[in-house]
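Taking my numbering, the leading residue of the sequence shown gets 39, the next gets one more, and so forth. Built from N, CA and C at the ideal position, the CB exists for glycine as well. One structure is given below, encoded as structure tokens.
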Amino acid sequence: MSKPSPQPRIAVERATQIVALDPKYISSNSLNTVQTAVKAIDQDLSSHGLTKEEADILLFYASRLPPSQRKDSLVRFAYCIARYRPEDAFTNSDYELIDLATEGIAKTAEDTGTTKDDISQRERTVVACWQKCHEIRKGHGSVISASTSILDSFETISVLSTQQTLDACKIDTTKAARIANLMRKNPDMFHVPAATTVEGPWDSLPRLANGPVLPGYDVAAQMTMPNTLEEIEAARNLRLADHEYLLQQLINNDALLWRLKSEWIIRAKEKEE
């Protein structure tokens, strides 16, 4: 592959300096530099793994777009990666961009009440790639960012996530019918595995035990760190495993809350009648 011309390389270097300053306002000259850098990076997305600096430029550029265009821009970048490059050639920055694009797709679906079947083919490609990457990284003992770890099921998030934070009395009949329809169409997403089935009254369900209280960053910043990169990576992976476990427990607890809210609606309606 031929080397890029000096002008795009210079634009990327200058854009990196601009992004590092994270300016609240950006001049037209600086914006032109960033746009030139984005164009240069975009041209190589299908064949070249993103560096952290390049990803920061793309994310900085997308963050300056109107909200209606922000998600589409991230999806376009992520699609070039997902469509044309094998997963084993992805960098951590590629993963991050795909994560954020998928989060944007799910958030839009949540806001509009759409499902995976209703999104564009380009968005489906990105979501499918995200799901495959998620499994690959789980297999390597790693997890994705907290915000997108909760996207274990695109369908569940796009329809249910808002319901999990609403008072039960605020779930209207249209949303309740959509949830019921989703559950009927996807029973595998909602059944409780036999190994974790709890028989008996609701009160027999276990509560989340209070574990040890972890120190905050101010304490961690003063602690002696591991000596080698390997030791740091091993310690990081242990914390990531804890993070994944806690996130899964929060997801399960959300499901229990949703079940209680659903039952509350039924009982309240019966009482009114």
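| Asked | Found |
| --- | --- |
| Quick one: using the 10 Å Cβ neighbour count with 16 as the cut-off for buried, is residue 161 buried or exposed? | buried |
| To the nearest angstrom, how far is the alpha carbon of residue 304 from that of residue 83? | 51 Å |
| Taking residue 139 and residue 116 to be in contact with their CB atoms under 8 Å, please state how far apart those CB atoms are, rounded to whole angstroms. | 4 Å |
| With distance defined between alpha-carbon atoms, name the residue in 266, 252, 257 nearest to residue 281. | 252 |
| Just mark residue 132 as buried or exposed, buried being the case when its beta carbon has 16 or more other beta carbons within 10 Å. | buried |
| May I ask which residues mark the beginning and end of the alpha helix (DSSP H) holding residue 63? | Note, residue 63: premise wrong, no alpha helix (DSSP H); not H, not E. |
| So, does the region 112–128 touch the region 74–89, judging by three or more C-beta pairs under 8 Å? | yes |
| I'd like to confirm something about residue 133: is its beta-carbon nearer than 6 Å to some heavy atom of the ligand ZN, or not? | Ligands displayed in this structure: none; no statement on the ligand ZN is therefore possible. |
| Taking the Cβ atom as the reference point for each residue, do residue 74 and residue 109 lie within a distance shorter than 7 Å? | no |
| On the criterion of 16 or more Cβ atoms from any shown chain inside 10 Å, does residue 135 qualify as buried, or is it exposed? | buried |
| Within 10 angstroms of its Cβ, does residue 127 collect 16 or more other Cβ (buried), or is it exposed? | exposed |
| Could you round the C-beta distance between residue 270 and residue 263 to whole angstroms and report it? I think they count as a contact, below 8 Å. | 7 Å |
| Run through DSSP, which three-state label would residue 250 get? | coil |
| How about residue 71 and residue 53: are their beta carbons less than 7 Å apart? | yes |
| Suppose only complete runs of 3+ residues qualify. What are the beta strand (DSSP E) ranges in the region 235–301, listed by chain order? | none |
| Within its chain, find whatever has a CB closer than 8 Å to the CB of residue 142; leave out the 5 residues flanking it on each side and keep chain order. | 108, 109, 112, 113 |
| Could you spell out the range, first to last residue, of the alpha helix (DSSP H) harbouring residue 83? | Looking at the DSSP string, residue 83 is not in any alpha helix (DSSP H), and its letter there is neither H nor E. |
| Drop a sphere of 10 angstroms on the beta-carbon of residue 181, count the other beta-carbons inside from all chains shown, and report buried for 16 or more, exposed for fewer. | Residue placement at residue 181 is poorly supported in this model, since its pLDDT is 39, which falls under 50; the coordinates are not used for a value here. |
| Taking C-beta to C-beta, are residue 50 and residue 78 nearer than 7 Å? | yes |
| Going by alpha carbons, who is nearest to residue 102 out of 286, 76, 301? | 76 |
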